[in-house]
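Enquirer: Below is the structure I would like to discuss, written out as C-alpha cells.
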Amino acid sequence: MPAAPASRQRTPRRIGRALPAARRQRVTHTDYQALEFPYQKHADQSRQPPAAHRVIVVGAGPVGLTAALDLAQRGIAVVLLDDDCRLSTGSRAICFAKRTLEIWDRLGVGERIASKGVSWHVGRVFFRDQEVWRFDLLPEPGHRRPAFVNLQQYYAEGYLYEAARDHPLIDLRWKNKVVGIAQRPDGVDLQVETPDGPYTLQAQWLIACDGARSPVRKMLGQEAHGRVFKDRFLIADVRMTADFPAERWFWFNPPFHPNQSVLLHMQPDNIWRIDFQLGWNADPAEAVKPANVLPRIRALLGADAQFELEWVSVYTFACERMDTFRHGRVLFAGDAAHRVSPFGARGANSGVQDAENLAWKLQAVLDGLAPETLIDTYTAERELAADENLLNSTRSTDFITPKSAASRSFRNAVLNLAREHPFARGLVNSGRLSLPTAYADTPLNTPDDDTYASRMTPGAVALDAPVQAADGSDAWWLSYLDGRFVLALFCGGLQPEAAVLDALQALSAGAAPVRIVLVGDGAPLDAPPQFSVAHDTQGHLVQRYDARPGTCYLLRPDQHLAARWRAFDAAAVAQALARALGNA
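Okay, so the sequence shown: first residue is -9 according to my numbering, each after it adds one.
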C-alpha cells in the first residue's frame, strides 16, 4: 500500500481542526425545520357523496412526495395527505445515493439537491488508531452524479415539497389524518380527520408512505416482520468549521471511544453528523444529556474544539418488512413497507426507488395500457430489493456490533489483515452502501438474443454517460430517459435505412408512448423531427452498453433495461414492449 498522505496519518483523536467560534459562519437559508404549513379546508370536506380520486398518497415525506411528483408528471392527479404541518426536524436521513439523485433529476429537483449537498465517493475505515482501508465508490469518470450526496433530510423534503406545491396536479393537504380505511374491489374509502372535523374520501388506489410506524398498515391489521437489533446509537449533529475532507470516516474500537464504533460525515452549512455506538445497556434519557454528549464529541475532536450541538437523538434499529407490499388497492412504499439499519444508507434511497417503480406501472394501469396484474410486479421487484437491502444491512450490523467473543475475534482479525491484504478488505463491512437492485428475474424482461460484455443485463438500471445533443450542446444520457419507454438505436456513423426509420416511427406513434433515440458518433444523422439524437463522442456509452452499429436497447420508464438486440426487429420490439407492460 502506498504511503498515506499527511491527513491520513493523523490519529483519529486529532482528525482535524475545529476553528474558533468567531470564525464560524452561518449560512443564510430558508429554515425548513421552522416552516409550518397552514391547514386549509377543502371543498371535498362538504361533498356528498364523497369525492372520488384516482390516487391518494398518505405521508408527505421524501417517499410520498417523490411518488406524488412522479405520478403528477405522468398526468395523474394526486391527493397527498399528511397528518402534520411541518417537515422533518434534525438531519435524519442524510446520504442520498447516485440512483436517487438520478430519479430526482427526472423529477426536476436533482440539480438543486446535488448543488446544496456535499458530494462524496471516498470512504475510510479505521481500526483502533490506524487506517486499514480506503475505498472509492465511483472509480470511473463520465457520470453526472457522484456516488453520494450528503444533505439534511429537511432540505430534501423542502425542495420536494416546493416542487409538489407548484405542480397543478398535486393537491397537498396538511393536518389531514387518515383514521379509517375500508376496501372495495375497485378502490378504497378513507376516513380523514381534520381541525374542522372528519370527512370521507374515495380513491381507486392508495399509496401508504406513512413511515415505519405506518398507521395505514395498522388499520389493515398488517405487521412488518424481521429482526430488532439490541444496540443503541447516539446521533449528534454538530455545527463547526473544520478541515476534514468530504469523506465517510468509520472507526472500529477507536482510542477515543473504546470497544465501540464511530461514524463521521460532512453535511452542508458546517454541520457534521457523528454516530456513536453506545451498547444495549445505555440509558437513552441519560445519553442525550449535554453533560454526557459533549465529552464524547470532545474525545473525538480534541479538548479545545469549538462547536455547537444542533441535534441529538438515540436510536435502535430493526431490519424488517411486510410480507407483501400490496393489499388490494392499498400499496405500501418506503419505511411503511420495510426498514433497515442506517448503515449503508438503504432506507430513504430504497423508498425513493419504490416510488419510481410504482408510479409508471400505476399510470399504465390507470391509462388502460396494462392489466392490473402489472401492479403485482411492483411488489415482486421491490420485495426483492427489500430482501437485498435487509440482507446487506443485517450483515453490516452484525459486523459492526458483534454479539459473541468469536464474532468479535473474527471481525478484529479481518480488520488487522485488511491493512496489508486486499482479500480481507472485501470482508470489512462498515455498511454496504446503497446500490440499485437489478430485477434479473422479473417477467417484464425479454431474454437476450446474444452475448454481451456489458453489465447492462435485462433488469439492470441504465448507466449514465456524457453525450452531445443534435445541436452540439453537452448533455447526459439519462436525461433522454424521461419517464417514457425509450428505444435507443446505436447507429455509429451509419444512417439508418428508410425502412427502419418507418418502423421506428410506427412504434413511436403506438398506444404506449415510446421515445426513439438515435445514438451516433458525431457524424450527422438525418432523423424525423419526433426522434431524438444523442452523439457518443467520448465513447463511454458504446463501451458501457457494449454497442455496435445496429444494437438497440428498450428501456423502461424507470430506466431499467427491458430488452436488447444486436439488430433492430420491429416485431421483437413490439413483443418486448407488450411484455414489459405485463401483456405477455
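Glycine included, every Cβ here is placed at the ideal spot set by N, Cα and C.
Using 10 angstroms around the beta-carbon of V218, count the other beta-carbons present and answer buried if the total reaches 16, otherwise exposed.
Expert: Burial call: exposed.
Enquirer: Output yes or no for whether 8 Å exceeds the beta carbon distance between F315 and F322.
Expert: Result yes, Cβ atoms of F315 and F322 sit closer than 8 Å.
Enquirer: Looking only at its own chain, which residues have a Cβ that is under 6 Å from the Cβ of A513, when we skip the five neighbours before and after it?
Expert: Hits under 6 Å: G483.
Enquirer: Once you ignore the five residues that flank Y368 on each side, which residues in its own chain have a CB closer than 6 Å to its CB?
Expert: Closer than 6 Å at Cβ, skipping near neighbours: N347, L348 and K351.
Enquirer: I need the straight-line Cα distance from L407 to W241, nearest angstrom please.
Expert: About 16 Å.
Enquirer: F413: buried (16+ other C-beta within 10 angstroms of its C-beta) or exposed?
Expert: Exposed, since its Cβ has fewer than 16 Cβ neighbours within 10 Å.
Enquirer: Taking the straight line between their C-alpha atoms, what separation do you get for H157 and V355?
Expert: Going from the Cα of H157 to the Cα of V355 covers about 22 Å.
Enquirer: Would D34 and L180 qualify as a contact pair, given that the criterion is a beta-carbon distance under 8 Å?
Expert: Their beta carbons are not under 8 Å apart, which means D34 does not touch L180 by this criterion.
Enquirer: Looking at the structure shown, is Y442 part of a helix, part of a strand, or coil, going by DSSP?
Expert: Reduced to three states, the DSSP call for Y442 is coil.
Enquirer: Which of the three DSSP states, helix, strand or coil, is assigned to P175?
Expert: If DSSP states are grouped into helix, strand and coil, P175 belongs with coil.
Enquirer: Which residue from M312, T387, I365 and P136 puts its Cα closest to that of F333?
Expert: Per the Cα distances, T387.
Enquirer: Considering Cα atoms alone, identify which of L405, V320 and L127 is closest to R89.
Expert: Of L405, V320 and L127, the residue nearest in Cα terms is L127.
Enquirer: Write down every uninterrupted run of the beta strand (DSSP E) in the segment 88 to 143 whose length is 3 residues or greater and which is fully enclosed by it, in chain order.
Expert: List check, beta strand (DSSP E) in window: 108 to 110, 112 to 117, 120 to 126 and 138 to 140.
Enquirer: Bridge partners of W241, per DSSP?
Expert: In the DSSP output, where bridge partners are listed per residue, W241 has F116 and V252.
Enquirer: Cα separation between I365 and A193?
Expert: I365 and A193: Cα-Cα distance of roughly 16 Å.
Enquirer: For F400, I'd like the list of residues in its chain whose CB is within less than 6 Å of its CB, leaving aside the five on either flank, ordered along the chain.
Expert: Taken in chain order, the list of residues that qualify is empty.
Enquirer: Could you check how far apart the C-beta atoms of P448 and L551 are, in whole angstroms? I think they sit under 8 Å.
Expert: Yes, they are in contact, since the Cβ atoms of P448 and L551 sit about 5 Å apart, within 8 Å.
Enquirer: Look at the alpha carbon of A57 and the alpha carbon of V342, and state the distance between them as a whole number of angstroms.
Expert: A57 and V342: Cα-Cα distance of roughly 8 Å.
Enquirer: Per DSSP, which one or two residues make a beta bridge with S303?
Expert: Bridge partners of S303: I225.
Enquirer: Among L97, V169 and A236, whose alpha-carbon lies nearest the alpha-carbon of R207?
Expert: Of the listed residues, the one whose Cα sits closest to R207 is V169.
Enquirer: Taking the C-alpha atoms as reference points, what is the distance between D344 and A326?
Expert: Roughly 11 Å separates the two Cα atoms.
Enquirer: Helix or strand or just coil, what does DSSP make of I365?
Expert: Looking at I365 - three-state DSSP - the assignment turns out to be helix.
Enquirer: Pull up the distance between the alpha-carbon of A566 and that of D377, whole angstroms please.
Expert: Roughly 27 Å between the two C-alpha positions.
Enquirer: Let me know if Q23 comes out buried or exposed under the rule of 16 or more other beta-carbons within 10 Å of its beta-carbon.
Expert: Buried is the call here.
Enquirer: Between which residues of its own chain and V139 is the CB-CB distance below 7 Å, once the five residues before and five after are set aside?
Expert: Cβ within range, chain order: F86, L91, I103, A104, G107, V108 and S109.
Enquirer: Which term fits T541, buried or exposed, when burial requires 16 or more other beta carbons within 10 angstroms of its beta carbon?
Expert: Its Cβ being crowded by 16 or more others within 10 Å, T541 is buried.
Enquirer: Given a cut-off of 8 Å, decide if I390 and V302 are closer than it, judged by their beta-carbon atoms.
Expert: Result no, Cβ atoms of V302 and I390 do not sit closer than 8 Å.
Enquirer: Out of curiosity, what's the CA-to-CA distance linking A11 and A232?
Expert: Because the pLDDT at A11 is just 34, under 50, the model does not fix this residue reliably, and the value given afterwards should be weighed accordingly. So the alpha carbons of these two residues sit roughly 11 Å apart.
Enquirer: Please report the distance separating the alpha-carbon of N282 from that of Q257.
Expert: If I take the Cα positions, the gap works out to 23 Å.
Enquirer: Identify which residue in A202, D176 and K165 has its Cα closest to the Cα of T184.
Expert: Closest by alpha carbon: K165.
Enquirer: Could you give the distance in angstroms between the alpha-carbon of P205 and the alpha-carbon of D313?
Expert: When rounded, the distance between both Cα atoms is 17 Å.
Enquirer: Does the segment 487 to 498 come within contact of the segment 111 to 125, defined as at least 3 CB pairs closer than 8 Å?
Expert: Counting Cβ pairs under 8 Å, fewer than three are found: no touch.
Enquirer: Check whether the segment 555 to 563 touches the segment 524 to 544, taking contact to mean three or more Cβ pairs, one atom from each stretch, closer than 8 Å.
Expert: Taking 8 Å as the limit for Cβ pairs, the verdict is that the segment 524 to 544 does touch the segment 555 to 563.
Enquirer: Going by DSSP, what residue range makes up the beta strand (DSSP E) through F246?
Expert: Run containing F246: none; DSSP gives neither H nor E here.
Enquirer: Taking the alpha carbon of V48 as the point to measure from, which residue in S397, P486 and I197 has its own alpha carbon closest?
Expert: Of the candidates S397, P486 and I197, the one whose C-alpha sits nearest the C-alpha of V48 is I197.
Enquirer: Would Q173 and S81 be called neighbours here (beta carbons separated by less than 8 Å)?
Expert: No; because the gap between Cβ atoms is not below 8 Å, this pair is not in contact.
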